[in-house]
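Taking it in order: structure first as structure tokens, then the write-up.
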Amino acid sequence: MRLVSKQSFDLDKQLEPKTLVEGAYLALRNDIIRGVHGPSSKLKVEHLKDVYQVSGGTLREALALLVADSLVYAEGQKGFFVSPMSIRDFKEITQLRVLLELQALKQSIENGDDKWEADVMASYHRLALAEKKLELEDIEQRNAQFSAWEERNAEFHAALVSACESRWLLQFIGILYHQSERYRSLGIQYGTNLKRDLQAEHEALKDAALARNVPLCSDILAEHISITYELFEKLPEDVFSGKDVLETA
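Here the sequence shown stands for residues 462 to 710, numbered as in our numbering.
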């Protein structure tokens, strides 16, 4: 039985880049996810090559990789742009995540050995510690803790499906995860996570997975992923334009 590494879930943003292209790709991807480059904004190579301290050619290669991730799109001679965001887009991302992650989860629970169980427990423990720090009323303090929480959240979700033997399935899950990460990063500014008990949700996921209860764990995971979208449905549409709704409301 071959365990798929957690790195196949595309957690490489936590690793040291091996090439200049990879370094620029990871830095750009992280900034797009965090909203440094807003939805639909133009990514000007001449400006960004100085920001990320790489050549124009290196930056273009990094942008091409982001096009493959659907975080960036190219428009003829006009250049590169950050992919837009919308509630409709997030709905589709959410539906596909549920479809693919449930399939991977089933395989993982059926294949998982003692190492898989240990990884699930360890990643859950780290996530629980990070979530305690996320319970802050002040928006700036909460935002400061979000990056650390997101890394732990990614580790936990990756651990749950890490015994799935399909490399392609995990690769597509990783792409969708980063797409949804953009929305979570945006949502943290509006306190969407304050409207749910993330610790309880993750604990229930962990318990059902370790109990090898595929139907229960699948139901919990589907609801867990879907809740984020349901909370976003209640936010103003301007949230997805990159405008500061907190100032204009």
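For each residue, glycine too, the CB sits at the ideal point set by N, CA and C.
Please read all numbers here as calculations on a predicted model, not as lab measurements.
Boundaries (first-last residue) of the alpha helix (DSSP H) holding residue i
i: F633; result: R628 to I649
i: L696; result: Element bounds for L696: n/a, residue is neither H nor E.
i: Y513; result: First-last for Y513: undefined, no H or E at that position.
i: D492; result: L481 to R495
i: S569; result: I548 to N572
DSSP beta-bridge partners of residue i
i: K503; result: F542
i: E592; result: For E592, which the question treats as bridged, DSSP gives no partner whatsoever.
8 Å Cβ cutoff met for residue i and residue j
i: I494; j: R643; result: yes
i: K576; j: S679; result: no
i: L630; j: A565; result: yes
i: L487; j: V543; result: no
i: L671; j: E578; result: yes
i: V497; j: I570; result: no
i: L481; j: V515; result: yes
i: K510; j: G499; result: no
Euclidean distance between Cα positions of residue i and residue j
i: I554; j: E691; result: 13 Å
i: Q660; j: L595; result: 10 Å
i: E562; j: S623; result: 11 Å
i: D699; j: S608; result: 24 Å
i: S669; j: Y513; result: Looking at the sequence itself, residue 669 is Ala, so the reference to Ser does not match. When rounded, the distance between both Cα atoms is 43 Å.
i: P697; j: M546; result: 13 Å
i: G635; j: L560; result: 13 Å
i: R587; j: E662; result: 15 Å
i: K695; j: I688; result: 12 Å
i: H558; j: S531; result: The amino acid at residue 558 is misidentified as His; the sequence shows Arg. Straight-line Cα distance between these residues: approximately 15 Å.
i: A535; j: V581; result: 39 Å
i: K474; j: F701; result: Bear in mind that the predicted position of K474 carries a pLDDT of just 44, short of 50, making it too unreliable to give a figure here.
i: A583; j: H685; result: 20 Å
i: A619; j: Q632; result: 11 Å
i: R490; j: G540; result: 17 Å
i: E483; j: A523; result: 7 Å
i: S502; j: E664; result: 38 Å
i: E626; j: E507; result: 42 Å
i: S641; j: I649; result: 12 Å
i: A683; j: F617; result: 15 Å
i: L621; j: L677; result: 14 Å
i: Q556; j: K667; result: 22 Å
i: R657; j: D550; result: 22 Å
Continuous beta strand (DSSP E) stretch holding residue i: start and end
i: Y534; result: V533 to E536
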